[in-house]
Amino acid sequence: MYPIALADMQQIAPCTWEIPRSFRKDMRVNARLYANREMVEHLLAERSLEQLVNTATFPGVQEPVLAMPDIHQGYGFPIGGVVAVRAEDGVISPGGVGYDINCGVRLLASTTTHKDIGERLAALATQIQRNVPTGVGRSGRIKLSDEELDAVLDTGMHWAITAGHASESDAELVEENGCFAAASADAVPERAKKRGIDQLGTLGAGNHFLEVQRVESIFDTERAKAFGLFEGQVTVLIHTGSRGLGHQTCTEYVRRMDQVMADYGITVPDRELSCAPFKAPEGQAYFHAMAAAANFAWCNRQVITHAVREAWRAVLGAHEALALVYDVSHNVAKLEEHGGVLCVVHRKGATRAFGPGHEELPARYRKAGQPVFIPGSMGTASYVLSGTETAMQESFGSTCHGAGRQLSRRKAKETVVYDRLCRALHDAGIEVRAASAKGLIEEAPEAYKAVDQVVDVMAETGIAVKVARLRPIAIVKG
Amino acid sequence: MISNGYSKGLQPHWLHRLGREAASAEHRGHAAPFELLEHPADIRLRARGATLAEVFANAARGMMAYLFELVEAKPERWERIEITAPDREALLVDWLSELLCRATSNYNAYISFQVDEIDEHRLVARVGIVSAVAIDDIKAVTHHELAVRKCNDGWEATVVLDV
């Protein structure tokens, strides 16, 4: 049932493993995994590596397909995978991006410290929860017309600036400046628009959350300074995506590609890997729709940012500010040049991590490398990392995206005791504002791998540099 | 009430649901209409039925039971749904995706399912609705490990839901 054994893998460095192309005859490239020995042994008991091998079969796939240390089993593609495909004659796969298109995180940095906030923390958490709709079935505070939704989809952060939810400097601190050039509202299915039109500015449920944190440790002073971070500072991390609009967009394009694959002579080992040539009409239509859904997700995180800023000022005073540090995507496909080849880089549960000097980076981060944020499980630590030249050479400029689930939701419900979890969070000094007990239990720390180990593997391989560790002081979630 | 034969209660809905899963294991000889099974990150839904029409209706009941708190209710209105798809498995995904999209866009719970016509490529059904807000989220119905097959005592369908 689990066809990959340790003997099938070659350890090519302390934390780098390869499943060679010879493992299965339909593989076109090697599959590489970044993990320590303990993680590898855990992964052999599930099917995520088999899913990684499946992605090595795509026409035009580039050497190698990659799994980050937070890899876990998904549906089709593994979560925590990076698959680059030649744009000229390769494919694009909606499943390689996932249903939550441009799910991602952004970090906001305050000018204040944990000590300064003191007892106002509880009021702050309550006000943020009031301002930001969370949980299932909550609609947003913004009512968009059809024309306004199209403007969100076509122009991303430009809409947010025009509507008064963002500044020009916010847009500069988002991948693609918050506006995917390829976006076209016309390519987004009508039903996707209907499903998402009232969800702009909503956090959602599941693993999405908003955290107020304190900077616990700085590992790299120079880069931390470049990112505007200092010890004791209070930050805010926002994790959400494109909501129902992205889910429905992916659903409809998976079906469209499933129906045309045979016409292009493409076969895949799992139907959820359905794809079409990037340059074919179906491939282009998906790319335009995905880009538009990505614009929606950036606006979603921006509208939430605006609401958090309002809460911040209401509780802490009009002089207090929250500056955007950066916004990174976890689930997206992008056109990038690697090794002189134009590629469609699918990142599903992985983060772009461009190294120093890359022209896509904002001028202020060009020396340090791209800021990357790795949310840990609820109540533990999150990390700020920085992209490296090694990432550019080895991993298509990519790194991990989080802790990685290790307990199923059902197992979490069976093993986590709600009262004990609440007490543990309270004892750790964390204010919790959660819409449901279930949401809290499913995301309990024991449901995830240790984020420290995940980040240490990335640092060991040179794919990313550790910059800072953040500890939660308040959690708001659905 | 959704006619899945399980008890209702006032517990948090997820405890209620766990109770239902446990109950389903006790249905020896009377296969449960649907079960929500373990998957490392998502939910695997398995439905059974004496006929293809019944297994499709039970899969829909299973998905709705995940999304909504089950309460005594009669449909406020009915809608007609017609789906065409390239094969039986795709028909199941499209049927559930259609219900998911309607439920989450229109704030409706679908509580009664009458599949009037079904073959390998086409389904026509009448679905009974009450206005309701979901208490849980499903992002999508996936094609991963998807199966609709005939077994000894009827039909069985398995589908993974991205939650």
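Chains as they are written, first to last, in the numbering used here: chain F, 1 to 478; chain L, 1001 to 1163. Note that CB positions come from ideal geometry on N, CA and C, so glycine has one too.
Put simply, the backbone Cα of F:A289 is about 13 Å away from that of F:R191.
For F:E446, the nearest beta carbon of chain L is not closer than 9 Å to its own beta carbon. Within the DSSP secondary-structure output, F:P277 pairs in a beta bridge with F:V91. Only those residues of the segment 242 to 264 of chain F whose C-beta falls short of 8 Å from the nearest C-beta of chain L are listed: G244, H247, Q248, C250, T251, V254, R255, D258 and Q259.
The beta-carbon of F:V40 is placed no less than 9 Å from the nearest beta-carbon of chain L. Proximity of F:K194 to chain L, defined by a Cβ-Cβ separation below 9 Å, is satisfied. When Cβ-Cβ separations below 9 Å define contact, L:E1076 makes no contact with chain F. Proximity of L:H1039 to chain F, defined by a Cβ-Cβ separation below 9 Å, is satisfied. For F:M392, the uninterrupted alpha helix (DSSP H) run begins and ends at E389 to E394, by DSSP. With fewer than 16 other beta carbons inside 10 angstroms of its own, F:E168 counts as exposed.
For L:F1056, the enclosing alpha helix (DSSP H) has its first and last residue at L1052 to L1067.
Within chain L, the residues whose beta carbon sits less than 8 Å from that of F:H72 are P1040 and A1041, listed in sequence order. Bounds of the beta strand (DSSP E) holding F:L66 are V65 to H72.
Within chain L, the residues D1042, T1142, H1144, V1160 and D1162 have their CB atoms less than 7 Å from the CB of F:Y75, given in chain order. For F:S408, the secondary structure class from DSSP, reduced to helix, strand or coil, is coil. Within chain F, the residues placing a beta-carbon under 7 Å from that of L:S1097 are T251, ordered along the chain. A Cβ-Cβ contact shorter than 9 Å links F:A444 with F:S377. Annotation for F:Q51: no beta strand (DSSP E) segment contains it, though the alpha helix (DSSP H) segment containing it runs S48 to T55. Residue contact with chain F for L:I1081: absent (no Cβ-Cβ distance below 9 Å to any residue of chain F). Taken atom to atom, the span from the alpha-carbon of F:Q51 to that of F:F77 is near 6 Å. L:V1127 sits close to L:E1079, with the two beta carbons spaced by under 9 Å.
Beta-carbon to beta-carbon, F:H208 and L:K1139 are separated by about 11 Å, too far to satisfy the 8 Å threshold.
Residue pairing for L:W1155: DSSP places it in a beta bridge opposite L:G1049 and L:K1150. Taken atom to atom, the span from the alpha-carbon of F:L316 to that of F:V303 is near 20 Å. Cβ proximity to chain L below 8 Å picks out nothing from the segment 279 to 305 of chain F.
One alpha carbon belongs to F:N102, the other to F:Q10, and they sit about 33 Å apart. Contact with chain L is found for F:A205, since one of that chain's Cβ atoms lies less than 9 Å from the residue's Cβ. Taking C-beta separations shorter than 6 Å and ignoring five residues to either side along the sequence, the partners of L:R1044 in its chain run L1037 and V1160, following chain order. Judged by their CB atoms, F:R255 and L:V1055 are not nearer to each other than the 9 Å cut-off. Rounded to the nearest whole angstrom, the C-alpha separation of F:A314 and F:E119 is 15 Å. Sixteen is the threshold: when 16 or more other Cβ atoms of the shown chains lie within 10 Å of the Cβ of F:P472, as they do, the residue is buried. The bridge partners DSSP lists for L:R1126 are L:R1080 and L:Q1114. Here the alpha carbon of F:T461 sits roughly 9 Å from the alpha carbon of F:A35. Straight-line measurement puts the Cα of F:V417 at about 32 Å from the Cα of L:A1073. Residue contact check for L:E1089 against chain F: a CB pair falls below 9 Å. For L:N1108, the three-state secondary structure derived from DSSP is strand.
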